[in-house]
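Asks: Have a look at the structure that comes next, please.
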Amino acid sequence: MIARLSRTHDGILLAAWLRDEAQRPLHVGATDAQLREAEGARRLADRILEMAAATVR
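Okay, structure coming up:
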């Protein structure tokens, strides 16, 4: 599904949104739980984007 999606205009828009959401900075004083959740989101986004990039090659 990621391979098919990465070849579409909507897939490109989704990837941009996912990257933006995953890189959004947290506020000063964020809790450990919030930091862990943000790191997990970044890792998931990175993995999805890596898989999409691999299918384009």
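For the sequence shown, position 4 matches number 264 in the numbering used here, and the numbering has no gaps at all. Think of the CB as a built atom: it goes at the ideal place given N, C-alpha and C, for glycine as much as any other residue.
Can you look up A314 in the DSSP assignment and give me helix, strand or coil?
Replies: helix
Asks: Does the Cβ of A312 have 16 or more other Cβ atoms within 10 Å, making it buried, or fewer, making it exposed?
Replies: Residue burial is scored here from C-beta neighbours: A312 has at least 16 other C-beta atoms within 10 angstroms and is therefore classed as buried.
Asks: Round the Cβ separation of R279 and L304 to the nearest angstrom and send it over; I've been treating them as touching at under 8 Å.
Replies: In this structure R279 does not touch L304 by the C-beta definition: roughly 12 Å separates them, more than the 8 Å allowed.
Asks: Nearest chain D C-beta to G300 closer than 8 Å, yes or no?
Replies: Protein chain content of the structure displayed is limited to a single chain, and chain D is not contained in it.
Asks: Check for me: the alpha helix (DSSP H) holding L286 runs from which residue to which?
Replies: No alpha helix (DSSP H) contains L286, which DSSP labels as neither H nor E.
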